[in-house]
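Down below is the structure, laid out as structure tokens.
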Amino acid sequence: MKVLVIGSGGREHALVWKLLQSPRVDKVYCAPGNAGISEIAECIDIKTDDVEALLDFVKYNWIDLTVVGPEVPLTAGVVDAFIKEERRIFGPDKKGARLEGSKVFAKDFMRKYGIPTAEYKTFTSYLRAEEYVRLKGVPIVIKADGLAAGKGVIVAETFDEAREALKMIMKDRAFGDAGRKVLIEKCLQGEEASFMILTDSKTVVPLATSQDHKRIFDGDKGPNTGGMGAYSPAPVVTEGLEKDIMKKIVAPMMKGLKKERIDYRGVIYVGVMVCDGKPYVLEFNVRFGDPEAQPILARLDSDFFDLLKATAEGRLKEVKVSWRDEAAVCVVISSKGYPGPYEKGKTIKGLASFKNDKDVVVFHAGTSIHKGKIVTAGGRVLGVTALGKDIETAKDNAYAAIEKIHFDGMHYRKDIADKAIKKN
Ligand code: AMP
Ligand code: GLY
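In the numbering used here, the protein residues as written are 1 to 424.
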């Protein structure tokens, strides 16, 4: 079978890597991919949201399954276009992708179907929004409605910060039309976890739990990023809490999808805040989390191709999913300056040492090849992912691996997974 993966980050490298382990997969293509992906798959130069070119590629190359990595092609309707032409694709259609593409839609959906989430109100007028912040007080959370590459959420600790955020989104239009509406939300205190499920709208298969590290610096300090590291499993999601999430969040969510006539076939990522032992939804994403996909796929024992194909075909109930007992930790290495403007073009050394390591895999995110050398080309550069008999061992393995890697200005957090280790 031939598979096309759409995307170019650490998540897509992990997807390609895991798909290639299936005996049924003969060849994987990736659009557009990165330097690491090009070592194991064929990268093709098509942009992730160029729906027409992607469809043409799939037709002329007899691709059996397309797997969509990031949210942008999903909200652009890549799945709708593929389904119209009877091409097999993993991911939700445009309607389903609104769960991530519009935060207002997602919150209204949660309210309508009784899914626990922070109290909120929607605004299109700057003055009304400012008035509401004054009324509610700080801390408070301000969110742009549309996609903003992970930068559209501001947890404001002071009134000035809240006003700045509203100004940036609504007046300066820092995220363009994504800022036509804003959500103002109660600030929840607690611990976050990432809970992903696979669904074909009839069957729900929960994936292994994980936890991300959103802030750039140790101790959860500094600005939010796409994610600086993740581990799986996440001890904060106890068996009892998982049952609660399935009952209070996933069950009404599935009911809501049915009522709204959304035939969802893909992954739903539920960003959960655990407050006093109870789960609340922070956000829905309509794709695998990044970096969470990296440790999760390192732990997956089942045939990933079978799982994704069955989901796309509406036969998920026929497939079993199993996990390795080991834990996995992924530490992201980023470029100097990230999440602000960052350096590029730095030569990365030490990558060859992991080629035959069975416990460590270095997933590439922002990398490219320049004059035969692998160089940095993005904010998040690598996801060093290691297995171990428990989280502590996996963490030690990941950090030992990082010692061998070098590029100028590299940055990584030193405390990935510490929260989980303290809990055990
Ligand atoms: P989102 O993209 O909605 O997940 O928001 C990004 C990050 O902002 C989350 O991972 C949380 O760390 C934080 N956040 C979002 N909503 C809230 C909230 N209501 N209360 C506290 N923190 C939040
Ligand atoms: N790591 C968070 C996300 O993928 O949205």
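All residues carry an ideal CB built from backbone N, CA and C; glycine is no exception.
Worksheet item: Which residues mark the beginning and the end of the alpha helix (DSSP H) in which leucine 188 is found?
Response: If you number the sequence shown from 1, residue 188 lands on position 188. Premise fails: leucine 188 is in no alpha helix (DSSP H) and is neither H nor E.
Practice prompt. Confirm the yes/no value for this check: CB of asparagine 356, any heavy atom of the ligand GLY, distance under 6 angstroms.
Written response: Within the sequence shown, the letter at position 356 stands for residue 356. No, since every heavy atom of the ligand GLY falls outside the 6 angstroms radius drawn around the Cβ of asparagine 356.
Worksheet item: What does a CB cutoff of less than 6 angstroms around methionine 228 pick up in its chain, not counting 5 residues either side in sequence?
Response: Position 228 of the sequence shown, counted from the first residue, corresponds to residue 228. Within the same chain, methionine 228 has close Cβ partners His213, Val332, Arg413.
Practice prompt. Let me know the secondary structure DSSP gives leucine 382 once reduced to three states.
Written response: Locating residue 382 in the sequence shown gives position 382, where the first residue counts as 1. Correct three-state label for leucine 382: strand.
Worksheet item: Pick from Thr225, His13, Glu185: whose alpha carbon is nearest that of proline 341?
Response: As a first step, residue 341 must be located in the sequence shown, where it is residue number 341. Among Thr225, His13, Glu185, the Cα nearest to that of proline 341 belongs to Thr225.
Worksheet item: Do glycine 176 and methionine 170 have their C-beta atoms closer together than 7 angstroms?
Response: Here residue 176 corresponds to residue number 176 of the sequence shown, with the count starting at 1. Here residue 170 corresponds to residue number 170 of the sequence shown, with the count starting at 1. The Cβ-Cβ distance between glycine 176 and methionine 170 does not fall below 7 angstroms.
Discussion item. Between which residues of its own chain and glycine 91 is the CB-CB distance below 6 angstroms, once the five residues before and five after are set aside?
Written reply: Position 91 of the sequence shown, counting from 1, holds the residue named residue 91. Same-chain partners within the cutoff: Val68, Leu74, Val79, Gly266.
Item to complete: Examine the Cβ distances between the stretch 5-15 and the stretch 25-32 and report whether three or more of them are shorter than 8 angstroms.
Response: As far as the Cβ criterion goes, the stretch 5-15 touches the stretch 25-32, which means the pair count is three or higher.
Worksheet item: Does DSSP put aspartate 415 in a helix, a strand or coil?
Response: The residue given as residue 415 occupies position 415 in the sequence shown. In the structure shown, aspartate 415 falls within a coil segment according to DSSP collapsed to helix, strand and coil.
Worksheet item: Looking at the structure shown, is glutamine 21 part of a helix, part of a strand, or coil, going by DSSP?
Response: As a position in the sequence shown, residue 21 is number 21, starting the count at 1. Here glutamine 21 sits in coil by DSSP.
Worksheet item: Cβ of glycine 219 versus every heavy atom of the ligand AMP: is any distance shorter than 6 angstroms?
Response: Position 219 of the sequence shown, counting from 1, holds the residue named residue 219. Outside the cutoff, so no.
Fill in: Whole-Å CB distance - methionine 448 paired with aspartate 64, under 8 angstroms assumed
An answer regarding residue 448 cannot be provided, because it is not within the stretch 1 to 424 covered by the chain.
Fill in: Residues that DSSP places opposite phenylalanine 217 in a beta bridge
Within the sequence shown, residue 217 is the residue found at index 217, counting from 1. The partner list for phenylalanine 217 (beta bridge, DSSP) reads Lys221.
Worksheet item: How many angstroms separate the CA atom of alanine 129 from the CA atom of histidine 370?
Response: Here residue 129 is taken as the residue at index 129 of the sequence shown, counted from 1. Here residue 370 is taken as the residue at index 370 of the sequence shown, counted from 1. Near 48 angstroms, if we compare the C-alpha coordinates of histidine 370 and alanine 129.
Worksheet item: If you compare alpha carbons, which of Leu188, Phe159, Asp145, Thr209 is closest to glutamate 119?
Response: For the purposes of this step, residue 119 is identified with residue 119 of the sequence shown, where counting begins at 1. Selected option, being the one with the closest Cα: Leu188.
Fill in: Three-state secondary structure assigned by DSSP to phenylalanine 175
Working through the sequence shown from its first residue, we reach residue 175 at position 175. Phenylalanine 175: coil per DSSP, three-state reduction.
Practice prompt. Check whether the Cβ of valine 141 sits closer than 6 angstroms to any heavy atom of the ligand AMP, and report yes or no.
Written response: As a first step, residue 141 is located in the sequence shown; it is residue number 141 there, counting from the start. Because some heavy atom of the ligand AMP lies under 6 angstroms away, the Cβ of valine 141 counts as near it: yes.
Worksheet item: Quick one: what's methionine 273 bridged to in DSSP?
Response: Here the question's residue 273 lines up with position 273 in the sequence shown. Methionine 273 is bridged to Glu192, Tyr280.
Fill in: For serine 334, three-class secondary structure by DSSP
Within the sequence shown, residue 334 is the residue found at index 334, counting from 1. In the structure shown, the three-state DSSP call for serine 334 is strand.
Worksheet item: Bridge partners of glutamate 157, per DSSP?
Response: As a working note, residue 157 is residue 157 in the sequence shown. Answer is none; glutamate 157 lacks a bridge partner.
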